[in-house]
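This report refers to the structure that appears directly beneath it.
Residue numbers (full-length UniProt numbering): 1 to 396.
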C-alpha cells in the first residue's frame with residue numbers, strides 16, 4: 001500500500017447490506033495492496049444506539065445520525081449508500097455535489113426519473129474528477145468475471161440464448177411481516193427490482209449485450225401481511241394489524257438482446273426451498289457457460305468444438321491464482337464466499353479513484369438497468385405486450 005493520503009469513508013445505513021459493505025471496507029486493505037489506504041471513518045443511521053452498536057461491531061471509528069452533516073464534513077472522501085431505495089437519489093446527489101465519491105447499492109433508484117437525476121449528477125461530478133459506482137456486487141465474484149472474460153474471448157461463439165434466474169423463498173410464509181422491501185414507497189418494486197436487477201445486470205455484463213425489448217408478468221402472491229414490529233435484513237417479527245403488500249412477489253419476463261438473442265428471466269421470493277439461487281446460463285453456437293451462486297467457486301463449460309466423444313459440461317474450479325481476484329487470497333482449492341465480492345468491489349473502486357478513471361458499473365449503467373425494470377413493469381400492466389427499453393442517453 002502506498003503512503004498516499006487515506007480515503008475516508010462514510011457509510012449511510014447499517015443493516016444487512018451495511019454489514020456486507022463493512023466487511024468489504026475492512027478486508028480490502030488487509031488482503032490487497034490498495035492504491036490508496038482507506039479508513040472506515042463513520043457510519044450513519046437514524047437510531048443512536050443501534051448505529052453506535054453497528055459501528056463498534058463492524059469497525060467504524062464513529063457513528064452519527066445526520067447524513068447531511070456527515071456529507072458536509074471536509075474529512076470525508078467517499079460516501080457508501082446502503083439505505084432503502086427511496087433515499088438513494090437524495091443522498092447520492094447531495095454527496096456528489098459536495099465533492100464526494102459515491103458507491104450506491106443497487107438498484108440505483110426507485111424510479112427512472114430518480115435514476116436519471118442521479119446519472120446527470122454523476123456526469124456533472126465526473127467533470128470535477130468525482131467518481132461514482134453502483135453496487136452490482138455479483139460482478140466481482142471471480143467465476144462471474146471469468147465467465148465474462150471467456151465469452152469475450154469467444155468461448156461460446158455467438159451468444160444465441162441466455163437463461164437467468166434469481167430464486168429465494170423467504171416470503172413463502174404468509175406470516176412473514178410487512179418489511180420495507182414489501183412497500184413500494186420504500187422499495188420501488190419487489191422481487192423485480194431487488195433481485196431481478198441483479199440478473200439483468202449480470203446478463204448484460206457477461207454478454208456485453210443490452211436488453212432492448214421485454215415482455216413480462218408481475219405477480220403479488222400474498223397481498224396482505226402482518227405489520228412489522230421489529231426487523232432487520234430478511235427477517236423480522238410481526239406486530240398488531242395487517243398491511244397491504246404493494247410490490248410484486250415474482251417477476252417472469254423475456255428479453256430481446258441487442259444482437260437479436262433471446263433471454264429469459266425469473267425473479268421470485270416464492271421459490272420454495274431456494275434460499276439464494278442465482279443462476280445464469282449463456283448458450284452460443286460454439287459452446288455454453290453456466291454459473292450458480294450456490295456453487296460460486298465453479299463454472300460449467302460446454303465446448304461444442306471438442307471431439308464428439310469428449311463433449312459434455314465440465315467443471316472449472318475458479319480458485320487458481322490466474323483467475324480474477326483470486327491471487328490475493330488462498331491457495332488453489334481454498335474456497336471464497338459471498339462476502340468476498342464486497343471486498344473486490346472496494347478494490348476496484350479505490351483503484352479507479354486513485355487512477356482518475358470511471359469505475360464500473362457506472363450510474364449510467366445503473367440507469368439503464370432501471371429502464372429495463374421500468375419496461376417490465378409497463379409490459380406487465382399492458383397484458384405482457386412487448387415493450388421497448390428506453391434508449392440510454394449517451395455519456396461522453
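Where is the CB? At the ideal position from N, CA and C, for every residue including glycine.
Answer yes or no: do residue i and residue j have a C-beta to C-beta separation smaller than 8 angstroms?
i           : j           : result
residue 293 : residue 277 : yes
residue 273 : residue 169 : yes
residue 265 : residue 144 : no
residue 21  : residue 142 : no
residue 115 : residue 108 : yes
residue 304 : residue 311 : yes
residue 24  : residue 343 : yes
residue 12  : residue 91  : yes
residue 301 : residue 155 : yes
residue 71  : residue 104 : no
residue 10  : residue 79  : yes
residue 134 : residue 203 : no
residue 348 : residue 359 : yes
Between the options, which has its C-alpha nearest residue i's C-alpha?
i           : options            : result
residue 174 : 29, 68, 225        : 225
residue 288 : 150, 115, 38, 110  : 150
residue 98  : 346, 69, 318, 108  : 69
residue 35  : 361, 346, 363      : 346
residue 228 : 245, 221, 218      : 245
residue 30  : 324, 328, 270      : 328
residue 248 : 275, 240, 242, 218 : 218
residue 166 : 184, 147, 190, 47  : 190
residue 15  : 5, 27, 300, 43     : 43
residue 152 : 354, 295, 281, 207 : 207
residue 339 : 10, 12, 355, 26    : 26
residue 45  : 32, 19, 37         : 19
residue 257 : 57, 387, 330, 342  : 387
residue 317 : 28, 146, 94, 243   : 146
residue 48  : 66, 61, 313        : 66
residue 381 : 243, 183, 253      : 253
residue 250 : 283, 279, 271      : 271
residue 313 : 337, 283, 325, 333 : 283
residue 33  : 350, 255, 391      : 350
residue 177 : 134, 82, 240       : 240
residue 391 : 299, 325, 57, 112  : 112
Within a Cβ cutoff of 8 angstroms, which residues of the same chain sit near residue i, ignoring the five residues on either side of it in sequence?
i           : result
residue 385 : 215, 379
residue 187 : 84, 85, 86, 110, 180, 181, 193, 194, 247
residue 356 : 129
residue 321 : 327, 332
Kindly list the residues whose CB is nearer than 7 angstroms to the CB of residue i, restricted to its own chain and excluding five residues on each side of it in sequence; keep chain order.
i           : result
residue 389 : 211, 212, 213, 214, 371, 372, 375
residue 285 : 157, 158, 160
residue 395 : Because residue 395 sits at a pLDDT of 42, beneath the cut-off of 50, its placement in the model cannot be relied upon, and the following sentence gives the value as read from the coordinates. Cβ neighbours of residue 395 beyond the five flanking positions: 123, 364.
residue 136 : 106, 198, 201, 361
residue 307 : none
residue 96  : 102, 121, 122, 125, 130, 132
residue 119 : 363, 364, 367
residue 393 : Note on residue 393: pLDDT 49, under 50, position unreliable in the model; the coordinate value appears next. Same-chain partners within the cutoff: there are none.
residue 6   : 36, 37, 38, 39
residue 407 : Outside the displayed range of the chain (1 to 396) lies residue 407, so it cannot be described from this structure.
residue 259 : 159, 209
Quick one: give me the first and last residue of the beta strand (DSSP E) that residue i is part of.
i           : result
residue 213 : 211 to 219
residue 292 : 287 to 292
residue 299 : 298 to 303
residue 270 : Careful: residue 270 lies outside any beta strand (DSSP E) and carries neither H nor E.
residue 254 : 250 to 257
residue 126 : No beta strand (DSSP E) contains residue 126, which is instead part of the alpha helix (DSSP H) from 112 to 126.
residue 279 : 277 to 284
residue 222 : Looking at the DSSP string, residue 222 is not in any beta strand (DSSP E), and its letter there is neither H nor E.
residue 12  : 7 to 12
residue 159 : 159 to 167
residue 79  : 78 to 81
residue 132 : 132 to 135
For residue i, collect the residues of the same chain with a Cβ closer than 6 angstroms to its Cβ; drop the 5 residues on either side in sequence, then sort them by chain order.
i           : result
residue 139 : 205
residue 262 : 161
residue 52  : 63
residue 8   : 39, 41, 75, 76, 77
residue 335 : 297
residue 369 : 197, 200, 201
residue 353 : 101, 131
residue 377 : none
residue 333 : 319
residue 325 : 142, 344
residue 223 : 245
Is there a Cβ from chain E that is less than 8 angstroms from the Cβ of residue i?
i         : result
residue 5 : The structure shown contains no chain E; it holds only a single protein chain.
In terms of residues, what are the limits of the alpha helix (DSSP H) holding residue i?
i           : result
residue 150 : 142 to 152
residue 401 : Limits of the chain in this structure are 1 at one end and 396 at the other, which puts residue 401 out of reach.
residue 204 : 197 to 207
residue 185 : 184 to 187
The ligand NAP and residue i: does any heavy atom of the ligand fall closer than 7 angstroms to the residue's C-beta?
i           : result
residue 121 : The model on display carries no ligand, and the ligand NAP is accordingly not part of it.
Which complete beta strand (DSSP E) runs does the stretch 312 to 363 hold, if anything under 3 residues is left out?
Listed in chain order, they are 314 to 317.
Ranges of the alpha helix (DSSP H) found wholly within the stretch 29 to 67, counting only runs of at least 4: Listed in chain order, they are 48 to 58.
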